[in-house]
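Participant: When we follow numbering that gives the first Met the number 0, the leftmost residue of the sequence shown carries the number 0, and every step to the right adds one.
The beta-carbon is built from N, C-alpha and C at its ideal position, and this holds for glycine as well.
Dumping the structure here so I can ask a few things about it.
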Amino acid sequence: MKETRRGGVALLLAAVLVPLAATAHRLAPSLLEVRETAPGRIAVFWKTPLQRPVGAAVEPELPAGCAVEAAEPGVDGTAATLRFEAACDVGLIGARFGVRGLAESRTEALLRLTLLDGRSYRAVLRGGDEAFVVPERQRALDVFVQYLGLGFRHILEGLDHLLFVLGLVLLVPSTRMLVWTVTSFTVGHSVTLSLAALGFLGLPAAPVELAIAGTILVLAVELARGERAKPSLLRRAPWAVAVGFGLLHGLGFAGALAEIGLPQEEIPLALFAFNVGIELGQLLFVAIVLVVRPAARAAARRGPAWLGRVPAYAIGSLAAYWCFERAAGLF
Numbered sequence: 000m001k002e003t004r005r006g007g008v009a010l011l012l013a014a015v016l017v018p019l020a021a022t023a024h025r026l027a028p029s030l031l032e033v034r035e036t037a038p039g040r041i042a043v044f045w046k047t048p049l050q051r052p053v054g055a056a057v058e059p060e061l062p063a064g065c066a067v068e069a070a071e072p073g074v075d076g077t078a079a080t081l082r083f084e085a086a087c088d089v090g091l092i093g094a095r096f097g098v099r100g101l102a103e104s105r106t107e108a109l110l111r112l113t114l115l116d117g118r119s120y121r122a123v124l125r126g127g128d129e130a131f132v133v134p135e136r137q138r139a140l141d142v143f144v145q146y147l148g149l150g151f152r153h154i155l156e157g158l159d160h161l162l163f164v165l166g167l168v169l170l171v172p173s174t175r176m177l178v179w180t181v182t183s184f185t186v187g188h189s190v191t192l193s194l195a196a197l198g199f200l201g202l203p204a205a206p207v208e209l210a211i212a213g214t215i216l217v218l219a220v221e222l223a224r225g226e227r228a229k230p231s232l233l234r235r236a237p238w239a240v241a242v243g244f245g246l247l248h249g250l251g252f253a254g255a256l257a258e259i260g261l262p263q264e265e266i267p268l269a270l271f272a273f274n275v276g277i278e279l280g281q282l283l284f285v286a287i288v289l290v291v292r293p294a295a296r297a298a299a300r301r302g303p304a305w306l307g308r309v310p311a312y313a314i315g316s317l318a319a320y321w322c323f324e325r326a327a328g329l330f
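The structure is reproduced here in structure tokens:
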């Protein structure tokens with residue numbers, strides 16, 4: 000009877016939580032890439048998802064005085080693309096590039112702009128901030144704040160990474176050991192994020208995402224086994240496993256950063272800021288879980304035995320779904 004009840008709980012959690020799996024990473028943002036090819040001329044590449052959750056189509060917006068020439072539409076997988084050149088009778092410094100429709104569609108767009116002299120700019124456009132005015136030169140403080148925010152938002156919007164951190168907090172009862180474990184995870188993903196972002200390490204995104212889902216599933220299985228089972232390496236030395244799994248998660252962070260790009264003049268600063276943003280978001284999440292953990296444990300002790308395994312079932316259901324989904328994407 001107890002086993003049947005536990006199985007029912009697992010199935011119920013799977014039915015409720017698996018639809019949330021799509022939130023592991025948000026809908027891919029649109030991309031507006033602008034390259035100055037000659038004085039008064041730009042080459043533009045526009046890419047946007049064919050399907051959006053709500054709202055009308057999003058469209059690139061060029062500065063006043065730029066006339067589009069030779070547009071070439073296309074399709075790239077699940078995205079519509081457009082390549083064209085434009086002649087501009089104004090200089091690009093002080094010019095305004097934007098994307099219309101972001102607020103209505105509740106999506107974002109990445110802007111990559113490269114001038115003829117090699118200066119490059121990166122910006123994330125979203126509803127309420129749909130345009131970017133090209134400055135004479137980006138200040139270091141602006142770059143730091145921008146990439147700090149990007150890293151902070153990325154970790155808090157990445158359900159798979161958060162579930163792994165949640166699993167670590169649930170697995171390690173000692174606060175001191177938890178500090179070492181989370182720090183080890185941080186060291187691991189910081190190393191591979193930096194190496195990949197600087198071009199020293201590169202792996203295809205699909206198997207990396209599958210491996211990340213696998214790390215969460217392994218953690219969920221260990222949580223479901225409980226403390227009475229024979230201690231595995233995860234329980235004996237969680238910090239050692241965390242640093243290894245962190246190496247994989249760092250490659251996932253690097254993939255997100257690669258989509259945005261790094262400003263060529265401030266690569267070390269932007270990379271550092273993105274890393275710091277991830278750590279701040281991670282620390283905020285851990286702090287929230289630690290505040291809630293005592294009350295949750297007390298409730299589990301007062302309830303039926305299977306109640307304490309609900310988090311493991313929930314995490315495992317989502318992780319298993321991601322494993323199947325991402326494995327299918329390899330073929």
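1. Just mark V132 as buried or exposed, buried being the case when its beta carbon has 16 or more other beta carbons within 10 Å.
2. Evaluate L317 with the Cβ neighbour count: other Cβ atoms within 10 Å of its Cβ, from every protein chain shown; 16 or more gives buried, anything less gives exposed.
3. Beta strand (DSSP E) containing E58: first to last residue?
4. List the DSSP bridge partners of V164.
5. V33 to F151, Cα distance in whole Å?
6. Pop quiz: E221 and R118 are said to be a contact at Cβ under 8 Å. What is the actual Cβ separation, rounded to whole angstroms?
7. Taking only the alpha-carbon atoms, compute the straight-line gap between V112 and G225 and give it to the nearest angstrom.
8. Helix, strand or coil for L30 per DSSP?
9. Is the distance from the Cβ of H248 to the Cβ of I211 below 8 Å?
10. D128 bridges to which residues according to DSSP?
11. In terms of residues, what are the limits of the alpha helix (DSSP H) holding A204?
12. Alpha carbon to alpha carbon, how far is L329 from L155?
13. To which residues of the same chain is A21 closer than 8 Å at the C-beta, ignoring the five residues directly before and after it?
14. Assign V133 to one of three DSSP states: helix, strand, or coil.
15. Keeping to the same chain, check which residues put their C-beta closer than 6 Å to that of G280; ignore five residues upstream and five downstream.
16. Just to confirm the assignment, what range does the beta strand (DSSP E) spanning G73 have?
17. Under the three-state reduction of DSSP, which class applies to L256: helix, strand or coil?
18. Which residues in the same chain have their Cβ closer than 8 Å to the Cβ of Q137, if we skip the five residues on either side of it in sequence?
19. Out of E68, C322 and Q50, state which residue places its alpha-carbon closest to the alpha-carbon of L216.
20. Quick one: what's got a C-beta closer than 8 Å to G97's C-beta in the same chain, skipping five residues either side?
21. Go through its chain and collect everything with a Cβ distance to G245's Cβ below 6 Å, but skip five positions before and after it.
22. If you draw a straight line from the alpha carbon of G201 to that of G302, how long is it in whole angstroms?
23. Using the rule of at least 16 other Cβ atoms within 10 Å of the residue's Cβ for burial, across every protein chain shown, is A294 buried or exposed?
24. Look up R99 in the DSSP assignment and say whether it is helix, strand or coil.
25. Whole angstroms are fine: how far does the CA of T174 sit from the CA of A286?
26. Ends of the beta strand (DSSP E) at L233?
27. Measure the alpha-carbon distance for G6 versus Y312 and round it to whole angstroms.
28. Can you grab the Cα-Cα spacing for the pair A196 / L30, in whole Å?
29. Which whole-angstrom value describes the C-beta separation of V207 and G254, a residue pair presumed to lie in contact below a C-beta threshold of 8 Å?
30. My output table needs one value for E289: the three-state DSSP class, helix, strand or coil.
31. Can you tell me the Cα-Cα spacing of F163 and P134, whole angstroms?
32. Can you grab the Cα-Cα spacing for the pair V288 / G148, in whole Å?
33. Out of L109, A326 and K229, state which residue places its alpha-carbon closest to the alpha-carbon of G260.
34. Taking the alpha carbon of A65 as the point to measure from, which residue in C87, A79 and T191 has its own alpha carbon closest?
35. Tell me the DSSP secondary structure of F273 in three-state form.
36. Report the option in V275, A298 and A297 whose CA atom is closest to the CA atom of Y146.
Facilitator: Walking through what the data contain:
1. By the Cβ-count criterion, V132 is exposed, with fewer than 16 other Cβ atoms from all chains shown falling within 10 Å of its own Cβ.
2. Classification of L317: buried, given that the 10 Å Cβ count is 16 or more.
3. Here the beta strand (DSSP E) through E58 covers E58 to E60.
4. None; V164 has no bridge partner.
5. C-alpha separation (whole angstroms): 26 Å.
6. Not quite, the Cβ-Cβ distance comes to about 50 Å (not below 8 Å), so this is no contact.
7. For the record, residue 112 in the displayed sequence is Leu; it is not Val. For L112 and G225, the distance between alpha carbons rounds to 52 Å.
8. Reduced to three states, the DSSP call for L30 is strand.
9. Yes, the pair counts as a contact, with Cβ atoms nearer than the cut-off.
10. Answer by DSSP bridge pairing, in chain order: R125.
11. Counting along the chain, the alpha helix (DSSP H) containing A204 begins and ends at A204 to R224.
12. Each residue's Cα considered, the two are about 26 Å apart.
13. Its pLDDT being 49, under 50, A21 is placed unreliably in this model, and the coordinates cannot settle the point.
14. V133 falls in the coil class under three-state DSSP.
15. Residues of the same chain with a CB within less than 6 Å of the CB of G280, apart from the 5 flanking positions on each side, are F151, I154 and L155 in chain order.
16. Membership of G73 in the beta strand (DSSP E) is indicated by the continuous run C65 to D75.
17. In the structure shown, L256 sits in a helix (DSSP, three-state: H, G or I).
18. Taking Q137 as the centre and dropping the five residues before and after it, the same chain places the C-beta of Y120, P262, E264 and E265 closer than 8 Å to its C-beta, in chain order.
19. Of E68, C322 and Q50, the residue nearest in Cα terms is C322.
20. So the list reads P59, E60, L124, E129, A130 and F131, once near-sequence residues are dropped.
21. For G245, where only same-chain residues beyond five positions count, the Cβ hits under 6 Å are F184, G187 and H188.
22. The alpha-carbon atoms of G201 and G302 are separated by roughly 47 Å.
23. Looking at its Cβ environment, which holds fewer than 16 other Cβ atoms inside 10 Å, A294 is exposed.
24. Secondary structure of R99 (DSSP, three-state): strand.
25. The alpha-carbon of A286 is positioned some 11 Å away from that of T174.
26. No beta strand (DSSP E) contains L233, which is instead part of the alpha helix (DSSP H) from L232 to R235.
27. Residue confidence for G6 is low, a pLDDT of 42 falling below 50, so the modelled location carries little weight; the figure read from the coordinates is stated next. Their backbone Cα atoms lie some 10 Å apart in a straight line.
28. Cα to Cα, A196 sits roughly 19 Å from L30.
29. A Cβ-Cβ separation of about 7 Å places V207 in contact with G254 under the 8 Å criterion.
30. Position check: residue 289 holds Leu in this sequence, whereas Glu was assumed. Helix.
31. The C-alpha of F163 lies about 40 Å from the C-alpha of P134.
32. The alpha-carbon atoms of V288 and G148 are separated by roughly 22 Å.
33. For the residues L109, A326 and K229, the minimum Cα distance to G260 belongs to L109.
34. What sits at residue 65 in the sequence shown is Cys, not Ala. That would be C87, whose Cα lies nearest to the Cα of C65.
35. Helix.
36. It is V275.
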